[in-house]
Amino acid sequence: MTGQAPDTKVIDGKAFAAGLRARIADAVPAFKAATGRAPGLAVVLVGDDPASAVYVGSKGKATVAAGMESFEHRLPATATQDEVEALLRQLNADEAVDGILLQLPLPGHLDEQAAVATIDPEKDVDGLTPVSAGRLALGIAGMVPCTPYGCLLLLEDRIGDLSGKDAIVVGRSILVGKPMGQLLLGANCTVTMAHSRTKDLPALVRRADIVVAAVGRAEMVKGDWIKPGAIVIDVGINRLPPAEGAAKGRLVGDVDYAEVSGVADAITPVPGGVGPMTIACLLRNTLVAAHRRAGLADPEGF
Ligand code: NDP
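In this text, residue positions in the sequence shown follow my numbering: the first is 80, and each later residue adds one.
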């Protein structure tokens, strides 16, 4: 099966994220009026990985565009664990900082988990500290990782109430798969968590009303794995080898978009699906963290 069947909706994450960012920007003046300052997001980059530098740059720009304060901190690739953790503690204590994001991956000699755990859970806008993960598992209000939260928003926008839906999450990473499973469970889905040791993955995927693919394998989920009418959220970002004469290969997801397009009710494209939601949800988390730290009620509608 090739091409886009007319009845498969393309879930436009770019447009949804733009709307979310505009609503966040609209909410900032009320926070400023109440507190005398803008919400602040600090991003820490260790080393000079070019992809990470691009992510940090675009996060900073989006923060400023939303009317928030952006603080960028760079440490050299040779920074020690103590230096990284000292900077994070300094940001924990900084009243102007509501959210702290430690850009991952860190250079290989550093202990990522220990560094992340240094972040004050109230400022953990990436939702990656053990406290945030525990709160999510317990169903207590806390900071939720941005990418899975963005996926949940797209699903709720498409389906409304997710109660009773059969959902499968392919991938169990700390960053995406595990929190995605928790969020879907919290929304009363019946959740299957699949991973590299799962047996007969196609059969399990075929049962699901909701499929979230977060694997990191180009176009792995095929059209005949999908139950007709299912909703497919493709988190994967994979670059194919360049075609002859091209400088760069095409970006594709973990789902075979052309095949699944004829079968699913709706699917997120790559790029333009889940990706833009991640930064929008980072801003959302910063706005929420700022309200909680200031003793204000959570902003409405986020
Ligand atoms: P990880 O590599 O951390 O995790 C991949 C998961 O996929 C693991 O749980 C692994 O299982 C599982 N897996 C690997 N191979 C298979 C297989 N053949 N069958 C079933 N499961 C398999 O990746 P991330 O979760 O960090 O990222 C996943 C993808 O999402 C990547 O393409 C990444 O680039 C993208 N991404 C996109 C973001 C966005 O903003 N759109 C944000 C974050 C990530 P096991 O645990 O058994 O090894």
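For every residue, glycine included, the Cβ atom is placed at its ideal position computed from N, Cα and C.
Q | Coil, strand or helix - Glu-162 by DSSP | A | helix
query: Got a sec: does the ligand NDP put a non-hydrogen atom nearer than 8 Å to the Cβ of Ser-275?
result: Because some heavy atom of the ligand NDP lies under 8 Å away, the Cβ of Ser-275 counts as near it: yes.
Requested in this report: Take Ala-104 and list the residues in its own chain whose beta-carbon comes closer than 6 Å to its own, dropping the five residues that flank it on each side.
Outcome: Ala-145, Gly-146
At a cut-off of 8 Å, is Thr-271 close to the ligand NDP when judged by its beta-carbon and the heavy atoms of the ligand? no
Heavy atom of the ligand NDP within 8 Å of Leu-215 beta-carbon: no
**OP:** Check whether the segment 211-230 touches the segment 357-364, taking contact to mean three or more Cβ pairs, one atom from each stretch, closer than 8 Å.
**Re:** yes
Taking 8 Å as the cut-off, does the segment 179-189 touch the segment 341-353 (at least 3 CB pairs, one atom from each stretch)?
Under the 8 Å Cβ criterion, the segment 341-353 does not count as touching the segment 179-189, having fewer than three qualifying pairs.
- Query: Would Thr-197 pass as a contact of Asn-171 if the rule is Cβ separation under 9 Å?
  - Reply: yes
Practice item. Please say whether Ala-273 and Val-311 have beta carbons closer to each other than 9 Å? Key: no
Simplified DSSP state of Ser-252, which is helix, strand or coil:
coil
Counterpart residues of His-370 in DSSP-defined beta bridges:
None; His-370 has no bridge partner.
Requested in this report: Indicate whether Lys-202 and Val-176 have their beta-carbon atoms separated by less than 9 Å.
Outcome: Going by C-beta atoms, Lys-202 is nearer than 9 Å to Val-176.
| said: What would DSSP say about Gly-82, mapped onto helix, strand or coil? | reply: Low confidence applies to Gly-82: its pLDDT is 48, below 50, so where it sits in the model is not reliable, and the reading given next is rough at best. DSSP places Gly-82 in coil when its eight states are reduced to three.
Tell me which residues share the same chain as Gly-82 and place their Cβ nearer than 6 Å to its Cβ, disregarding the 5 neighbours each side in the sequence.
For Gly-82, the predicted model reports a pLDDT of 48, less than 50, meaning its position is unreliable; a value from the coordinates is still stated below. Cβ neighbours of Gly-82 beyond the five flanking positions: none.
#### Entry: Status (buried if at least 16 other CB within 10 Å, exposed otherwise) for Leu-241
buried
_Nearer than 8 Å: is that true of the beta carbon of Met-356 relative to any heavy atom of the ligand NDP?_
yes
Review point. Which residues share a DSSP beta bridge with Ser-149?
Key: Leu-120
Alpha carbon of Thr-142 to alpha carbon of Gln-192, nearest angstrom
25 Å
Check: Which two residues bound the contiguous beta strand (DSSP E) that contains Val-290?
Finding: 289-292
Measuring CA to CA, which of His-188, Gly-250, Leu-167 is closest to Leu-180? Leu-167
> Within 10 angstroms of its Cβ, does Val-133 collect 16 or more other Cβ (buried), or is it exposed?
Replying inline: Val-133 is classed as exposed because its beta carbon has fewer than 16 other beta carbons within 10 Å across all chains shown.
query: Whose C-beta lies closer than 8 Å to the C-beta of Val-107 among residues of the same chain, with five residues either side of it excluded?
result: Ala-117, Pro-118, Ala-145, Gly-146, Met-147, Leu-366
Val-195 and His-152 closer than 9 Å at C-beta: no
> Relative to the ligand NDP, is the shortest distance from any of its heavy atoms to the C-beta of Arg-102 smaller than 8 Å?
Replying inline: No, the Cβ of Arg-102 stays beyond 8 Å of every heavy atom of the ligand NDP.
Three-state secondary structure (DSSP) of Gly-295: coil
**Item:** Simplified DSSP state of Gly-178, which is helix, strand or coil
**Value:** Under the three-state reduction of DSSP output, Gly-178 falls in the strand class.
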